[in-house]
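Below is one structure, written out as structure tokens; the observations come after it.
Residue numbers (this note's numbering): 220 to 1134.
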């Protein structure tokens, strides 16, 4: 039987820190840690986890495949607890942003969905949090600096920089209250080659949970802040005073932001936060391992390069991503069910079943006869068997003695001396015979236990056999104890005084007769011989009783071991039963993002798991089942599961890639297409909200998690059947042979196009909702949803503002005028539109005849000298961008100017298309 071996891929990791914020962040980090332990046995040293929350999470646990509980260690957890935060709000560096209408209640059991309170908690403990982040970044950076390779399966990238992932929800108080400051503090510790990726869960998945009435307004406020801070640059920076030091933020807090909703583009709903957290953990796992080779670009690199153009849609950033994650797998849960079923059947039917012994009495008798224990006489004779053969025969020797008046004292002296020797010799010889018999009989019992237990259902047989054997030994012991009592009574009844008296009379008569004295001495000897023989019988009966008692104690000792073994197996069976129910429960929770290949005929490939095979395998491991009596139930279970695992190895060692390679290419292609359909990014948006000419900005990247770099998907016929985006897919080695995972990233969608964004905005604008921002002055940040479509008015307004040869709308004395036929002659053909750029545009938009007139004039100017017009417009765009970059555009009209630039750019593209 082949032994399964774990083959891990050689993966190149960048130094990585994952920071989980709030309850969502904590759960994702815990699940992500479990994924690394599942595949690699431990978390690579080049990866560090941090979980920060304003409540002490009850330490939840995940379980790895071997049953080990996965938890976050103390150095990975930081609970922010502030009993009385009110005094903190009086500090200048906090008072400058703290919203005045929010209560500064204690921050012990969470931020209560209030974002500013989450931020206050961070400010209260900013020194600790800053140190924690710095420590994690320095730790992973040093591993790369020292070029530490911790095993043949791990390599550290030679590329500079650290990958940081900040994970949480934008819906609550802690995650959405701390994510920006954590990013700013982190950014200060990183160089320009590093990436900060935000992965944030949107509020939809929390909608049906109690006490979540602020989730929508919180999310909208957080998204407004993210959108605004994309504009940070060296010339447009902010400074944040954290008390311990001031941090200058002159770069956006994130290089990429993933927004994860509770519904994907196909309408598949993820209803439970736990399911969504699992998907986020899966996506992060692929991202962290998505560098293939020392010089490869990873997910964040690709996204950052794609967004480097800085394009906007309707004045809004497109720096947002989402991902879908799906798995193509073999029926591994069915494998587990089958293995657990067979392990239970092995225990129940092959190791623990109680089978009646048809002829138990005869088997007991044969065993006792084989051990020479069945007849008491046989045991007694064995105890008094002489080394020279035959039985020990006690004899009182009188030898050559004088048959005169000295006969009585002489014979009494001889008796006393020989009696002491006889008793010592008897004890010694019986002791030696007892030891010999004890060794052979206990060895026979041990041999029986070993032989009988190591066979199918041997345990039940041994327990039945030993129970009856113990009873039989008890009967034999009682029988021989009765004989001992009888022999003792007989011994005590045999008196020498009568014979002594007769000898005395014969030796003291006046006329002494030698023959009479000799006859009296002979009768004395015969009585002494009889007494000694009775004594020997008495003592050997005692030894026989002791032997039966020792053997019964040995049997009872083995019975106790069998009972312990039976209890162990009972516990193992219950554990296996529970594991089976857990696997069944997991299987019943159908995951809509897993596609299982069903073409394998499992029953035809199911191995036979037999008791005889198990016992033979167990002996090959130099183990006897008798050892189980001294082992823990967990160890016994592991041995059984190891055997079942090896029996199933031919089935479970099949990989997804092998199955696909052996399949008809059409069938394999259908499986891969289904994988692509399931891995739909977890967001929904209205494509119609995006101008047609800019819809091409939305693109997708495909990352496949495969067992190793040597994948069949790199070559025909499967390479051509693999779902892909605009670019070639990337392959990430995961070391998981039973899975092919697809991490599908979509990037380039502005926030205003999101489904449900208007609903979030309505919640945000609700005056009854508590303050939604992290700074009391951030309410004036631009809305996420730009102005409604103006029927093209903005384009003609923007073009009319361009310099000569256009210059149809001009700004004079801080007022905007337009040259139009609608103006009175007394006004020199010029009509006042408004005092500000915004009011001017509103007036222009409402005057539809004016819009049409200016559109006609612009078109005529453009086509009179198209090249000059294009050159003028390009220069004008450059001029406006420079004004924006230098901060010379008022914040109130910044959004409109950005949208004007986009309209002019779109106009220029249309001219190129016409050409």
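Think of the CB as a built atom: it goes at the ideal place given N, C-alpha and C, for glycine as much as any other residue. As the structure is a prediction and not an experimental result, all values here were calculated from the model.
*Taking DSSP as the reference, what is the three-state secondary structure of residue 814?*
strand
*asked:* Please identify the residue among 924, 823 and 747 whose C-alpha is closest to the C-alpha of residue 616.
replied: 747
*Any idea what DSSP makes of residue 990, helix, strand or coil?*
coil
*Are the beta-carbon atoms of residue 967 and residue 917 separated by less than 8 Å?*
yes
*Where does residue 604 fall in DSSP's three states?*
strand
*When burial is assigned at 16 or more other CB atoms within 10 Å of the CB, is residue 457 buried or exposed?*
exposed
_alpha helix (DSSP H) segment containing residue 669, residue limits_ = 626-672
*Below 8 Å on the Cβ atoms is my guess for residue 778 versus residue 689; work out the distance and round it to an integer in Å.*
7 Å
*Cβ-Cβ distance between residue 291 and residue 387 below 8 Å*: no
_In this structure, how does DSSP classify residue 1106 when only helix, strand and coil are distinguished?_
coil
*Under a Cβ-count criterion, where at least 16 other Cβ atoms within 10 Å of its own Cβ denotes burial, should residue 577 be classed as buried or exposed?*
exposed
*Determine the direct distance from the alpha carbon of residue 922 to that of residue 784, and round the result to whole angstroms.*
51 Å
*Which class does residue 924 belong to by DSSP, given the choice of helix, strand or coil?*
strand
*Can you tell which of 954, 925 and 965 has its C-alpha closest to the C-alpha of residue 946?*
965
*Please determine if the stretch 1115-1126 and the stretch 1014-1031 are in contact, where contact requires at least 3 C-beta pairs separated by less than 8 Å.*
yes
*Applying the criterion that 16 or more other CB atoms from any shown protein chain within 10 Å of the CB defines a buried residue, is residue 410 buried or exposed?*
exposed
_Where the beta strand (DSSP E) containing residue 414 begins and where it ends_ = 414-420
*Within the same chain, show all residues whose beta-carbon is closer than 6 Å to that of residue 908, passing over the 5 residues directly before and after it, in chain order.*
972
*Just how far apart, CA to CA, sit residue 468 and residue 404?*
9 Å
_Same chain, Cβ closer than 7 Å to residue 433, neighbours up to 5 away in sequence not counted_ = 332, 988 and 989
*C-alpha distance - residue 844 paired with residue 859, whole-angstrom precision*: 11 Å
*Leaving aside the five residues before and after residue 756 along the sequence, list all residues of the same chain whose C-beta is less than 6 Å from its C-beta, in chain order.*
706
*Rounded to a whole number of angstroms, what is the C-alpha to C-alpha distance between residue 407 and residue 384?*
15 Å
*Quick one: grab the DSSP three-state call for residue 434.*
helix
_Bridge partner(s) assigned by DSSP for residue 965_ = 541 and 919
_residue 539, buried or exposed, once every other Cβ within 10 Å from all chains shown has been counted against 16_ = buried
_I'd like to check one pair, residue 1104 with residue 436: are the Cβ atoms closer than 8 Å?_
no
_Buried or exposed (CB count within 10 angstroms, at least 16 for buried), residue 618_ = exposed
*Look at the alpha carbon of residue 868 and the alpha carbon of residue 558, and state the distance between them as a whole number of angstroms.*
11 Å
_Nearest to residue 773 (by Cα), restricted to the options 660, 1025 and 718_ = 660
_Please return the same chain residues whose Cβ sits closer than 6 Å to the Cβ of residue 597, not counting the five positions on each side in sequence._
591
_Using CA atoms only, rank isn't needed, just tell me which of 1095, 1094, 1082 and 1101 is closest to residue 1130._
1082
*From this set, 633, 831, 814 and 787, which residue's C-alpha is nearest residue 740's C-alpha?*
633
*From 743, 581, 234 and 272, pick the residue whose C-alpha is nearest to that of residue 262; which is it?*
234
*Would you say residue 812 reaches chain B, if we count a Cβ-Cβ gap shorter than 8 Å as a contact?*
Of the protein chains in the structure, only one exists, and it is not chain B.
_C-beta contact flag for residue 482 and residue 376 at 8 Å_ = no
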